[in-house]
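Report on the structure given below.
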Amino acid sequence: MQAPESPSSRRTAQGAGWGCREPGTFVELMPGTPPRFTWLRPSVLWASRNDVIAKWFGDPSDDVRRRWVAALREGDADPLRVVDRSEPEFSFLVVGDTGEGDKSQYAVVPGLLNIGAGTDFMVISSDVIYPTGSVNDYPDKFFRPYQGYPAPIYAIPGNHDWYDGLGGFMRVFFGLADQPEPSPWRGPFGRLARLLWRRPDRPDLAALDEARKMRSAPGQQADQPAPYWALDFPALRVVGIDTGIVGGIDREQAEWLRGVSAGPKPKLLITGKPIYVDGRHSPGPIEGGGTVDEIVRDPANHYVAAIGGDIHNYQRYPVQVDDRVIQYLVSGGGGAFMHATHTIPRQTLVDEGAFKCYPLRGDSLSFYSRLYGRRLRLRRLFELSPEEASAAIARRLDMEPTRQDREPVRPSLRARAVAVMLGVPRRHRTRRLRFPVRKVFQRFRSEAADWDTPPFFKSFLRLDVAGDRLRIRCFAATGCREHELEPPLEDDISISLAATAS
Ligand SMILES: [Fe+2]
Numbered sequence: 032m033q034a035p036e037s038p039s040s041r042r043t044a045q046g047a048g049w050g051c052r053e054p055g056t057f058v059e060l061m062p063g064t065p066p067r068f069t070w071l072r073p074s075v076l077w078a079s080r081n082d083v084i085a086k087w088f089g090d091p092s093d094d095v096r097r098r099w100v101a102a103l104r105e106g107d108a109d110p111l112r113v114v115d116r117s118e119p120e121f122s123f124l125v126v127g128d129t130g131e132g133d134k135s136q137y138a139v140v141p142g143l144l145n146i147g148a149g150t151d152f153m154v155i156s157s158d159v160i161y162p163t164g165s166v167n168d169y170p171d172k173f174f175r176p177y178q179g180y181p182a183p184i185y186a187i188p189g190n191h192d193w194y195d196g197l198g199g200f201m202r203v204f205f206g207l208a209d210q211p212e213p214s215p216w217r218g219p220f221g222r223l224a225r226l227l228w229r230r231p232d233r234p235d236l237a238a239l240d241e242a243r244k245m246r247s248a249p250g251q252q253a254d255q256p257a258p259y260w261a262l263d264f265p266a267l268r269v270v271g272i273d274t275g276i277v278g279g280i281d282r283e284q285a286e287w288l289r290g291v292s293a294g295p296k297p298k299l300l301i302t303g304k305p306i307y308v309d310g311r312h313s314p315g316p317i318e319g320g321g322t323v324d325e326i327v328r329d330p331a332n333h334y335v336a337a338i339g340g341d342i343h344n345y346q347r348y349p350v351q352v353d354d355r356v357i358q359y360l361v362s363g364g365g366g367a368f369m370h371a372t373h374t375i376p377r378q379t380l381v382d383e384g385a386f387k388c389y390p391l392r393g394d395s396l397s398f399y400s401r402l403y404g405r406r407l408r409l410r411r412l413f414e415l416s417p418e419e420a421s422a423a424i425a426r427r428l429d430m431e432p433t434r435q436d437r438e439p440v441r442p443s444l445r446a447r448a449v450a451v452m453l454g455v456p457r458r459h460r461t462r463r464l465r466f467p468v469r470k471v472f473q474r475f476r477s478e479a480a481d482w483d484t485p486p487f488f489k490s491f492l493r494l495d496v497a498g499d500r501l502r503i504r505c506f507a508a509t510g511c512r513e514h515e516l517e518p519p520l521e522d523d524i525s526i527s528l529a530a531t532a533s
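In the numbering used here, the protein residues as written are 32 to 533.
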């Protein structure tokens, strides 16, 4: 259980990082000339075009992934082997959607190193590198920020890592240089798709070799066999899958997933795309039929939890499946700009009281109201304090404010209007966004969402397996100095592994 003295956004506004007393020291970790990261720059949008090509012409990720795995097979070891680990008790970090290389990524690092002390490894769950997975972005978006983390880092790619055909990821993690060409497109449109498809950047090998020195200690090297992998501990098998650009997996990976998922050992899935997110169920299609979630739910496979990146916040859905509960988590708040939580409807898939998110919906609405107020130069119209925003959410969703450290306020007409404009849904209604809070920010975001001052509302997970229990804690990174020293604890669950394995 959470200690009474732990800071948390669920207890106080201070715990959310509002009214930061002192900014964090994370800026000292950043490169001398931090990369300017703006999604509004036409060159960046053009570089990200593979997302559009995959959706219009068909996603070639399955085909290209098969050929990457075939290339790995030419090495000494089987890339589809299960990695045996003997530790009966172990701990690790899960950090999602890290690689923007700006303040929001580096602000996570001090608390991560603090809470991650003594952990056996870290997993980056999707989008290791923005915007396009380029090999040349690894120095400042991977090696530098995590140079102080003494243990290995495993990774699963996200859609952004696939925007260069996974070329940067495969070169950095596996030393592969020969990029497979996408081949599934046919006819004149296929020729057009092939023509437009973005190829990997020409690598700056000297810079990459220099950067590798930042994580060159023997204890920092991971024995990751492939872009999808399984680590087998005596008490828990941790399985990572690669969901490409649009969220599905290929036949070969599915066959492997079914194989490593079978049997009584409790399992945890880490996936690029979350299975429950924003109040929706996205089971994850498999090439040729079936879904990833069918594998997770199959009682013979004994999954206890599934963690997905892609959406840049924290959400937890404890879903009743037959006679057991599977914890479905979103953990994509490890570096990139914050996705809104105030657009998440009141839950219908799980009990609203059991649903958790970070940032709280009220903090998310307050954050975006300030963002819009600033960008549109209409601060007096838009800006809502966390208390006003929280009251407007409570009214709209017909529920009590989660944080009750201050006298409750009545939402003004203005606060309610701003809530509607910024996409807070009505109770039990699917959301109808008035202003682009999610979709447009997804594409045109950081210029508008570039938020250089705390709170950043970032988060990461620490998981501990001890005895017959798996503990999962979500910690926040606000960018405030006090929270670097003592990261706010936003969620804390304990799962029995014994009941699962029996
Ligand atoms: Fe992402």
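C-beta: ideal position from N, C-alpha, C; glycine also. This one's a predicted model, so the numbers in the text were calculated from it and none came from an experiment.
Just the Cα atoms here: how many angstroms apart are residue i and residue j?
| i | j | result |
| --- | --- | --- |
| Ser527 | Pro330 | 15 Å |
| Ala420 | Arg512 | 25 Å |
| Leu402 | Lys387 | 24 Å |
| Ala208 | Gly310 | 40 Å |
| Gly218 | Leu227 | 14 Å |
| Arg355 | Arg289 | 20 Å |
| Arg462 | Leu380 | Reliability of the predicted coordinates at Arg462 is poor, the pLDDT of 48 falling under 50, and no value is obtained from them. |
| Asp128 | Gln346 | 14 Å |
| Asp263 | Asp523 | 24 Å |
| Leu444 | Arg408 | 20 Å |
| Glu212 | Ala138 | 37 Å |
| Trp77 | Arg96 | 23 Å |
| Asp353 | Cys505 | 26 Å |
| Ala448 | Arg377 | 19 Å |
| Ala237 | Arg243 | 10 Å |
| Thr150 | Gln252 | 14 Å |
| Glu517 | Gly142 | 7 Å |
So which of the options has the shortest CA-CA distance to residue i?
| i | options | result |
| --- | --- | --- |
| Leu299 | Ile503, Ser39, Gly510, Glu517 | Ile503 |
| Lys86 | Tyr177, Leu226, Pro485, Val277 | Val277 |
| Gly320 | Phe413, Arg246, Glu283 | Glu283 |
| Asn190 | Asp90, Pro170, Leu143, Gln251 | Asp90 |
| Ile272 | Ala257, Ala266, Asp263, Phe264 | Ala257 |
| Pro534 | Arg426, Asp436, Val451, Thr64 | For residue 534 there is no data in the structure shown, the boundaries of the chain being 32 and 533. |
| Ser92 | Arg229, Gly363, Leu407, Leu262 | Arg229 |
| Ile63 | Arg175, Asp82, Gln45, Asn81 | The amino acid at residue 63 is misidentified as Ile; the sequence shows Gly. Of the listed residues, the one whose Cα sits closest to Gly63 is Arg175. |
| Val75 | Val113, Gly164, Tyr137, Gly106 | Gly164 |
| Arg328 | Lys304, Gln358, Gly50 | Gln358 |
| Phe205 | Glu118, Arg104, Ser122 | Arg104 |
| Trp482 | Phe88, Gly393, Ser39, Tyr399 | Tyr399 |
| Val361 | His333, Leu223, Tyr307 | Tyr307 |
| Val291 | Pro73, Gly106, Arg112 | Arg112 |
| Ala224 | Ala242, Gln378, Phe88 | Phe88 |
| Asp254 | Ile280, Asp281, Ile184, Ala248 | Ile184 |
| Ser214 | Gly393, Leu412, Arg98 | Arg98 |
Return yes when at least one heavy atom of ligand 1 lies under 8 Å from the C-beta of residue i, else no.
| i | result |
| --- | --- |
| Ala102 | no |
| Ala363 | For clarity, residue 363 is Gly in the given sequence; the question names Ala instead. Answer for Gly363: yes, Cβ within range of ligand 1. |
| Tyr161 | yes |
| Gly199 | no |
| Gly189 | yes |
| Gly340 | yes |
| His343 | yes |
| Ser135 | no |
| Ala371 | no |
| Ser171 | What sits at residue 171 in the sequence shown is Asp, not Ser. No, since every heavy atom of ligand 1 falls outside the 8 Å radius drawn around the Cβ of Asp171. |
| Ser157 | yes |
| Ala367 | yes |
| Asp128 | yes |
Taking 9 Å as the cut-off, decide whether the C-beta atoms of residue i and residue j are in contact.
| i | j | result |
| --- | --- | --- |
| Tyr169 | Val203 | yes |
| Leu391 | Ala371 | no |
| Gly23 | Trp216 | Outside the displayed span of the chain (32 to 533) sits residue 23, for which this structure offers no information. |
| Lys172 | Tyr180 | no |
| Leu453 | Thr374 | yes |
| Gln178 | Arg246 | yes |
| Asn344 | Ser490 | yes |
| Gly404 | Glu414 | yes |
| Gly48 | Phe368 | no |
| Val335 | Pro297 | yes |
| Asp436 | Thr43 | yes |
| Gly196 | Asn81 | yes |
| Tyr389 | Gly364 | yes |
State yes or no: is the beta carbon of residue i nearer than 9 Å to at least one beta carbon in chain C?
| i | result |
| --- | --- |
| Val159 | No chain C is present in this structure, which holds just one protein chain. |
Original post:
What residue ranges within the segment 321-345 form continuous alpha helix (DSSP H) runs of no fewer than 4 residues, ordered along the chain?
Top reply: As far as the segment 321-345 is concerned, its whole alpha helix (DSSP H) runs of at least 4 residues are 323-328.
Original post:
Residue ranges of each alpha helix (DSSP H) run of no fewer than 4 residues wholly in the segment 185-239, ordered along the chain?
Top reply: Listed in chain order, the alpha helix (DSSP H) elements of length 4 or more contained wholly in the segment 185-239 are 198-205, 218-227.
Subject >> Runs of beta strand (DSSP E) wholly within the segment 336-394 (minimum 3 residues, chain order) >> reply: Whole beta strand (DSSP E) segments, 3+ residues: 345-352, 355-362, 387-389.
**OP:** Just list the beta strand (DSSP E) runs in the segment 484-520, keeping only unbroken ones of 3 residues or longer that don't cross its boundaries, in chain order.
**Re:** With a minimum length of 3 residues, the continuous beta strand (DSSP E) runs that stay inside the segment 484-520 are 489-497, 500-508.
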